[in-house]
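Numbering (this note's numbering), first residue to last: 921 to 1043.
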Ligand code: HEM
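Quick look at the structure:
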């Protein structure tokens, strides 16, 4: 995390992410799956992202990959949802992370994670 600038940077990424989730028409259906008041969700996302960025390779976060997948198992996530989620995240990273190499690396790792959460082949 020191690589991207600490807890404040993570907070800004999550704020920018949800700003876009509220605004982008193609993210509407994904936004509607979230509760209306995002305060709690933002808090959990900020904590998750800090842990995820900080963890040494091979050490999982409190909400590990399996936990993350089971948390998302009740929502239909197809290619559209994955891509809409990623677009909000990609734009948030572009707004906050200035180092292009680090930003592209984060985008790639998050895409892998989002694709792993896909559970609806039909969509
Ligand atoms: C890299 C990909 C993703 C990560 C790291 C991620 C992370 C998280 C985290 C940490 C939470 C909070 C869990 C909790 O409250 O215990 C969450 C909740 C949630 N995620 Fe994701 N997520 C990802 C992709 C997606 C995608 C593609 C969708 C599309 C449908 C999605 C929809 C949701 C919803 C609806 C919630 C519940 C939030 C609420 O109750 O307000 N997530 N996600």
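Backbone N, C-alpha and C fix where the C-beta goes; we use that ideal spot for every residue, glycine too. These numbers come from a predicted model, not from an experiment.
Outcome for residue i when other beta-carbon atoms lying within 10 angstroms are tallied against a minimum of 16
| i | result |
| --- | --- |
| residue 1024 | exposed |
| residue 1002 | buried |
| residue 941 | buried |
Below-8 Å beta-carbon distance, residue i vs any chain B residue
| i | result |
| --- | --- |
| residue 946 | This model lacks chain B altogether; it includes just one protein chain. |
Neighbourhood of residue i by C-beta distance below 7 Å, restricted to the same chain and skipping five residues each side
| i | result |
| --- | --- |
| residue 961 | 954 and 955 |
Residue i (DSSP reduced to helix, strand or coil)
| i | result |
| --- | --- |
| residue 1033 | helix |
| residue 1028 | helix |
| residue 975 | coil |
| residue 1012 | helix |
Cβ shell of residue i (< 6 Å), same chain only, five flanking positions each side left out
| i | result |
| --- | --- |
| residue 1017 | 924 and 1023 |
Cβ pair residue i, residue j closer than 8 Å
| i | j | result |
| --- | --- | --- |
| residue 946 | residue 1007 | yes |
| residue 1009 | residue 937 | yes |
Close Cβ partners of residue i (< 8 Å) along its chain, the five nearest in sequence each way excluded
| i | result |
| --- | --- |
| residue 1019 | 923 and 924 |
Which ranges does the beta strand (DSSP E) cover as unbroken runs of at least 3 residues, wholly within the region 937-968, from first to last along the chain? none
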